[in-house]
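Residue numbers (the working numbering), protein chains in the order written: chain L, 1 to 276; chain G, 277 to 552.
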């Protein structure tokens with residue numbers, strides 16, 4: 001999916017919500033345990049209940065790998081269940097030397113190789129340009145580079161002053177030379193809303209993937225105040241607050257209610273900004 | 277495997293060689309294609325041919341993920357084929373917010389969860405302490421943190437001056453407070469031998485995992501000059517130069533010859549340093 005198509009989906013659905021599919025077996029509604037693959041059933045029902053309210057889904061690979069081969073199979077089958085009109089994000093935080101990153105790109109982008117083809121993958125910047133470039137050789141596929149993450153550990157290195165910039169600023173500035181805003185997004189946590197003005201100075205046109213709204217405590221309105229641009233430019237992720245809205249048989253219905261509340265808030269924001 | 281046991285294996289085998297198992301289907305000897313899982317057969321024969329000459333094996337997860345569910349199955353079965361006396365490294369370069377890194381730790385360390393239990397995993401430092409800590413809660417399991425990698429992109433951020441240190445120096449200094457040398461190793465590429473003196477100043481007691489000897493052009497003797505410590509302190513990885521030593525039916529035999537040449541060079545180095 002290219003940038004224009006993504007913005008069209010945002011306008012059509014009046015939403016820039018991304019739903020994080022990070023399922024833990026122990027937290028699943030008990031009635032799902034009778035299924036052969038309870039996590040797949042959980043994901044499918046969540047997708048069916050929310051796909052008209054969100055523009056993106058973001059499974060985090062850790063939650064699948066933790067169950068070994070079975071888990072990887074669940075990830076592939078979850079990918080196959082995504083409707084065509086959603087932007088799909090493999091939240092994998094990969095990155096390695098060039099020839100190895102090329103293998104990761106095949107793993108997440110080349111369906112012939114791995115049976116999956118996400119629209120995008122999150123990538124860790126530490127290893128620099130040749131660790132990112134292989135992901136940029138696929139048409140209409142995206143790198144979502146970690147910039148300023150939502151967790152406490154983001155203070156350990158990302159915000160340290162490096163030459164005349166903080167490290168995360170340097171990551172944005174340097175990587176902007178590797179690809180344009182039609183192929184590169186950045187991860188910026190909702191827990192740092194005060195940084196969005198600064199980030200928009202460095203990356204005015206890029207989409208930002210924003211985790212940390214909901215369970216992690218970030219505020220949607222604070223993020224939007226400086227984060228929105230003329231093509232929306234934001235994908236705001238919520239995971240736990242939606243997928244675990246209820247632990248009963250009504251989990252999908254309650255997930256829809258949570259997603260709807262966020263979609264309606266987003267619709268107001270998009271209207272106020274004259275984007276719809 | 278703990279640090280003392282690792283050093284004992286190094287002394288017993290007179291080797292600090294790590295063999296990188298990074299198989300690509302297209303590069304496999306053709307006669308293996310008749311097997312149901314050619315890559316598994318390739319790995320098994322390589323392990324059988326080299327395990328007395330090396331102390332560690334390091335499969336890079338990218339080379340398995342690229343083949344989807346099948347590839348993950350090959351990784352699990354390769355892990356099961358490792359002899360008990362080798363140190364096993366999941367070269368996965370993972371790292372995420374705390375609760376997600378805990379899932380990755382289960383994926384690579386908890387056999388009940390994922391059917392695999394490596395001795396160690398490579399971790400990317402960008403997301404800081406809470407992205408690394410969950411891997412440190414397992415007894416006798418190790419984090420191998422990326423410090424100064426072997427690729428060209430290592431110049432993009434790792435060597436930039438951050439406050440009074442280069443970023444990679446800051447990574448070592450800061451992470452030294454998270455765990456001792458009994459649980460933390462660092463990745464330092466062989467392509468930067470001039471940095472080893474400096475790194476030993478910051479991390480005198482830690483083992484260093486050193487990729488980049490062989491196909492990437494690093495020199496073993498240059499690495500050892502400043503890299504060795506009183507418990508050896510080095511695991512030097514070679515992958516392509518060993519696993520692709522021949523593309524014929526003699527591939528395992530030729531791999532053994534390459535591994536033997538490195539082991540013999542290492543034996544001389546260990547003797548000269550009075551470590552055996």
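Glycine included, C-beta positions come from ideal geometry on N, C-alpha and C. Computed from a predicted model, the values in this text were never measured in an experiment.
Exercise. Going straight from the alpha carbon of residue 177(L) to that of residue 327(G), what length do you get?
Worked result: Looking at the backbone, the Cα of residue 177(L) and that of residue 327(G) are separated by about 45 Å.
Exercise. Residue 240(L) lies in the beta strand (DSSP E); which residues open and close that run?
Worked result: Element bounds for residue 240(L): not the beta strand (DSSP E) but the alpha helix (DSSP H), 240 to 243.
For this session: Output the boundary residues of the alpha helix (DSSP H) element that contains residue 262(L).
Result: 251 to 272
For this session: For residue 16(L), I'd like the list of residues in its chain whose CB is within less than 8 Å of its CB, leaving aside the five on either flank, ordered along the chain.
Result: Cβ within range, chain order: 10, 55, 232, 234, 235, 236, 266, 270.
Problem set entry | Cα-Cα separation, residue 381(G) to residue 457(G) | 19 Å
Exercise. What residue from 81(L), 19(L), 114(L) has the CA that sits closest to residue 340(G)'s CA?
Worked result: 114(L)
Problem set entry | Three-way DSSP call (helix, strand, coil) for residue 429(G) in this model | The three-state reading of DSSP puts residue 429(G) in helix, counting H, G and I together.
Problem set entry | Three or more C-beta pairs below 8 Å linking the stretch 66 to 78 of chain L and the stretch 25 to 45 of chain L | Cβ pair count under 8 Å is three or more, so yes.
For this session: Note down, one range per segment and in chain order, each alpha helix (DSSP H) of at least 4 residues found wholly within the stretch 53 to 120 of chain L.
Result: 62 to 65, 68 to 81, 98 to 109, 111 to 114
Exercise. Taking three-plus beta-carbon pairs below 8 Å as touching, is the stretch 419 to 431 of chain G in contact with the stretch 439 to 448 of chain G?
Worked result: yes
Exercise. Measuring from the CB of residue 412(G), is there a heavy atom of the ligand MG at a distance below 7 Å?
Worked result: As presented, the structure is devoid of all ligands, the ligand MG included, so that no description of it is given.
Problem set entry | Cβ pair residue 217(L), residue 238(L) closer than 8 Å | Their beta carbons are not under 8 Å apart, which means residue 217(L) does not touch residue 238(L) by this criterion.
Exercise. Between 504(G), 451(G), 353(G), 365(G), which lies nearest to residue 469(G) when the distance is taken from Cα to Cα?
Worked result: 504(G)
For this session: Please decide whether residue 198(L) counts as near chain G, where near means a Cβ-Cβ distance under 8 Å.
Result: no
Problem set entry | Proximal residues, the stretch 342 to 364 of chain G versus chain L, C-beta separation under 7 Å | 342, 343, 344, 345, 348, 349, 352
Exercise. For residue 57(L), which residues in chain G fall below 8 Å Cβ to Cβ?
Worked result: For residue 57(L), no chain G residue has a C-beta closer than 8 Å to its own C-beta; the minimum C-beta separation is roughly 16 Å.
For this session: Using the DSSP secondary-structure output, state which residues sit across from residue 142(L) in a beta bridge.
Result: 120(L)
Exercise. How about residue 430(G): is its C-beta nearer than 8 Å to some C-beta of chain L?
Worked result: yes
Exercise. According to DSSP, what are the bridge partners of residue 248(L)?
Worked result: In DSSP, residue 248(L) forms no bridge with anything.
Exercise. Who are the neighbours of residue 467(G) on chain L, taking C-beta pairs under 9 Å?
Worked result: In chain order: nothing, as chain L lies at least about 10 Å away.
Problem set entry | C-alpha distance - residue 536(G) paired with residue 529(G), whole-angstrom precision | 10 Å
Problem set entry | 4-residue-minimum alpha helix (DSSP H) runs that sit fully inside the stretch 420 to 505 of chain G, ordered along the chain | 443 to 451, 472 to 478, 496 to 503
For this session: Pull up the distance between the alpha-carbon of residue 34(L) and that of residue 450(G), whole angstroms please.
Result: Using only the alpha carbons, I get a separation of about 47 Å.
Problem set entry | Among 506(G), 531(G), 471(G), 526(G), the one whose alpha carbon lies nearest that of residue 517(G) | 531(G)
Exercise. Just curious, the beta strand (DSSP E) that residue 297(G) is in, first and last residue?
Worked result: Membership of residue 297(G) in the beta strand (DSSP E) is indicated by the continuous run 293 to 297.
For this session: For residue 127(L), decide whether its Cβ has a neighbour in chain G, counting only Cβ atoms nearer than 8 Å.
Result: yes
Exercise. When the distance is taken between beta carbons, is residue 126(L) closer than 8 Å to residue 98(L)?
Worked result: no
Problem set entry | Same chain, Cβ closer than 6 Å to residue 455(G), neighbours up to 5 away in sequence not counted | 412
Exercise. Residue 439(G) CB to nearest chain L CB: under 8 Å?
Worked result: At least one CB atom of chain L sits nearer than 8 Å to the CB of residue 439(G).
Exercise. Within 10 angstroms of its Cβ, does residue 230(L) collect 16 or more other Cβ (buried), or is it exposed?
Worked result: exposed
Exercise. Going by the beta-carbon positions, is the gap between residue 188(L) and residue 145(L) smaller than 8 Å?
Worked result: no
Problem set entry | Environment of residue 302(G) [buried if 16+ CB atoms lie within 10 Å] | exposed
For this session: Could you check what DSSP says for residue 236(L) in three-state terms: helix, strand or coil?
Result: strand
Exercise. Measuring CA to CA, which of 186(L), 200(L), 202(L) is closest to residue 211(L)?
Worked result: 186(L)
Problem set entry | Counted within 10 angstroms of its Cβ, other Cβ atoms place residue 553(G) as buried (16 or more) or exposed | Residue 553(G) cannot be examined here, being either before or after the span of chain G that is shown, 277 to 552.
Exercise. Quick one: what's got a C-beta closer than 7 Å to residue 30(L)'s C-beta in the same chain, skipping five residues either side?
Worked result: Closer than 7 Å at the Cβ level, and outside the excluded window around residue 30(L), lies no residue.
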